[in-house]
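Student:
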Amino acid sequence: MTIRLPAADGTLRAYEPRTGPRVPGPGAAPQGAPLTSRTVFAAAHVVADPYADVSPDSPAALDWDATLAFRRHLWSHGLGVAEAMDTAQRGMGLDWAAAAELIRRSAAEARSVGGRLACGAGTDQITGGTLAEVRRAYEEQLALVEDCGAQAILMASRALAATARSAEDYLEVYGHLLRQAAGPVILHWLGPVFDPALEGYWGSSDLDTATGTFLELIAAHPAKVDGVKISLLDAGREIGLRRRLPRGVRCYTGDDFHYPELIAGDERGFSHALLGVLDPLGPLAAEAVRILDTGDTAGFRALLDPTVALARHLFQAPTRFYKTGVVFLAWLAGHQSHFTMPGGLQSARSLPHMARAYELADGLGLFPDPELAQERMRTLLSLYGVDQ
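Here it is as structure tokens:
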């Protein structure tokens, strides 16, 4: 049955939804063998409690059952889960108290199912302060993550960006944290395209200079750095940095625009992955990596390249609002019963934007029940006054 979707110019276009799914539905049995050639984390979204009496400026209230069920969905396909990440959840509706509870619950769930889990450690319990206060905030979060038995991801800090006055300040704070970390961590370099407050991170707005400081830190503590997550949306720069990493330190791409080519790699190396776009792409991406595990790079690209149009749409500027599209697609796919988000962020993207996300995702076969997705899309359109 044809559905009429709105364009940005106010016109309606006819779209014929597909009739069959490409991926299994929520609660499906585990799919396939473990991934072997790449380590792949999906930065998973949280599910808000739609009945909680909250406002956009109050702490988030979560539906814990639905939130943990989505993580089991990702684990069932062989993906790791990157939990309590910055733009995926933190700093936009999820405060530190809720993030801490999320880490505890997800860690317990991971242990029960044998899922791989890495959790973000940042400084969002403070908004500023001295370098010592920033370091203590990091230490609190790092200790919680490690006490729960999860791998730590040292996230970029708004408070550090506001406080640091030189590259040496970054080296001092991060060096202290790496020396006391119980095990190898993932360092996350999040660019200002995702969070404008992080402009000039690592002590310079010149990316070559910042890269030099970043590599200096890693070279001083190679045994404490499992890998680095690069979220600059610049494939050439990621490849250049990847080639300069010490042996044994992985590069996890955070580039939601160029991930197929970066994961596939070249004769000089490849990137692993820690991506927000893997939230909606989970089953399809896992299938693609299993193809890559066999050495079939062309088959991997043939399956994953067509997903880039959806990724670029979801992550278009302002990029930090990509999670609205991610949660919208999770609702359409039946992973949650509502389209409500912490901080009221379900309103952060326009109706034409969401209509295009539906069209692209449906074309890829990402909805286990295309009829349910179409019904929910029609419901949303009707709420906006779009007659069918």
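Under the working numbering, think of the first position of the sequence shown as 2, with each following residue one higher. Each residue gets a CB set at the ideal place from its N, CA and C atoms; glycine is no exception.
G121 and R91 - do their beta-carbons sit closer together than 8 Å?
Tutor: Going by C-beta atoms, R91 is nearer than 8 Å to G121.
Student: DSSP has L118 in a bridge; who is on the other side?
Tutor: Its beta-bridge partners are V82.
Student: Compute the beta-carbon to beta-carbon distance between A151 and I104, rounded to the nearest angstrom, for a pair I have assumed lies under 8 Å.
Tutor: So it is a contact: roughly 7 Å between Cβ atoms.
Student: My output table needs one value for H354: the three-state DSSP class, helix, strand or coil.
Tutor: Helix, per DSSP.
Student: Could you check if R269 is buried or exposed, using at least 16 other CB atoms within 10 Å of its CB as the buried criterion?
Tutor: Exposed, because fewer than 16 other Cβ atoms sit within 10 Å of the Cβ of R269.
Student: What three-state label does DSSP hand S232 in the structure shown?
Tutor: Of the three classes helix, strand and coil, the one that applies to S232 here is strand, per DSSP.
Student: Are the beta-carbon atoms of P369 and V135 separated by less than 8 Å?
Tutor: No, the pair does not count as a contact, with Cβ atoms beyond the cut-off.
Student: Along the beta strand (DSSP E) that carries V186, what are the first and last residues, could you check?
Tutor: Residues V186 to L191.
Student: E110 and R72: beta carbons closer than 8 Å?
Tutor: For E110 and R72, yes; Cβs fall inside 8 Å.
Student: So, helix, strand or coil for V174, using DSSP?
Tutor: Here V174 sits in helix by DSSP.
Student: Please check the pair W332 and F322, which I expect to be a contact at CB under 8 Å, by giving their CB distance rounded to whole angstroms.
Tutor: With a Cβ gap of about 16 Å, W332 and F322 do not count as contacting.
Student: Quick one: grab the DSSP three-state call for Y253.
Tutor: Strand, per DSSP.
Student: Figure out for me which residue from I240, D10, P51 and F42 has the closest Cα to the Cα of Q337.
Tutor: Residue P51 is the option with its Cα nearest to Q337.
Student: Under the three-state reduction of DSSP, which class applies to V194: helix, strand or coil?
Tutor: Three-state result, V194: coil.
Student: Count the C-beta pairs between the stretch 230 to 243 and the stretch 253 to 264 that are closer than 8 Å, then say yes if the count reaches three, no if not.
Tutor: Segments in contact, yes.
Student: Count Cβ pairs between the stretch 40 to 50 and the stretch 68 to 87 that sit closer than 8 Å; are there 3 or more?
Tutor: Cβ pair count under 8 Å is three or more, so yes.
Student: So, are the CB atoms of A83 and A100 less than 8 Å apart?
Tutor: Going by C-beta atoms, A83 is not nearer than 8 Å to A100.
Student: Bridge partners of D267, per DSSP?
Tutor: Answer by DSSP bridge pairing, in chain order: G270.
Student: Would you report the Cα separation of L95 and G364, rounded to the nearest angstrom?
Tutor: Straight-line Cα distance between these residues: approximately 32 Å.
Student: Kindly indicate which residue of P284, P343 and L361 has the alpha-carbon position closest to the one of L315.
Tutor: With distances taken between Cα atoms, L315 lies closest to L361.
Student: Assuming A299 is part of the alpha helix (DSSP H), what are its boundary residues?
Tutor: Its alpha helix (DSSP H) spans residues T298 to L305.
Student: Within its chain, find whatever has a CB closer than 8 Å to the CB of G176; leave out the 5 residues flanking it on each side and keep chain order.
Tutor: So the qualifying residues of the chain are L218, A221 and H222.
Student: Can you list, in chain order, the residues of its chain with a C-beta nearer than 6 Å to that of R251? Leave out the 5 residues immediately preceding and following it.
Tutor: Result list for R251: G228 and H273, in chain order.
Student: Would you please state the rounded distance, in angstroms, between the beta carbons of V309 and R5? I believe it to be under 8 Å.
Tutor: At roughly 26 Å, the Cβ-Cβ gap does not stay under 8 Å, so V309 and R5 are not in contact.
Student: Tell me whether P261 is buried or exposed, calling it buried when 16 or more other Cβ atoms sit within 10 Å of its Cβ.
Tutor: Label assigned to P261: buried.
Student: Whose C-alpha, out of L330, T164 and G296, is nearest the C-alpha of V278?
Tutor: It is L330.
Student: Taking a contact to mean a Cβ-Cβ separation below 8 Å, would you say L118 touches A162 in this structure?
Tutor: Not closer than 8 Å, so no.
Student: Determine the DSSP secondary structure at L365, reduced to helix, strand or coil.
Tutor: L365 falls in the helix class under three-state DSSP.
Student: Residues in its own chain within less than 7 Å of A1 by CB, not counting five upstream and five downstream?
Tutor: For residue 1 there is no data in the structure shown, the boundaries of the chain being 2 and 389.
Student: Per DSSP, which residues does Y16 bridge with? Please list them.
Tutor: Note: Y16 sits in a beta bridge opposite I4.
Student: When you compare only the Cα positions, how much space is there between V327 and V174?
Tutor: Each residue's alpha carbon lies about 33 Å from the other.
Student: Using a 10 Å radius around the Cβ and a threshold of 16 neighbouring Cβ atoms, would you call M342 buried or exposed?
Tutor: So M342 ends up on the buried side.
Student: Excluding the 5 residues flanking P7 on each side, which residues of the same chain have their C-beta closer than 7 Å to its C-beta?
Tutor: Answer for P7: L13, L352, P353, A356 and V387, listed in chain order.
Student: My output table needs one value for D10: the three-state DSSP class, helix, strand or coil.
Tutor: Correct three-state label for D10: coil.
Student: Do A374 and A334 have their CB atoms nearer than 8 Å?
Tutor: In this structure, A334 lies closer than 8 Å to A374 by Cβ.
Student: With DSSP run on the structure shown, which of helix, strand or coil describes D58?
Tutor: Correct three-state label for D58: coil.
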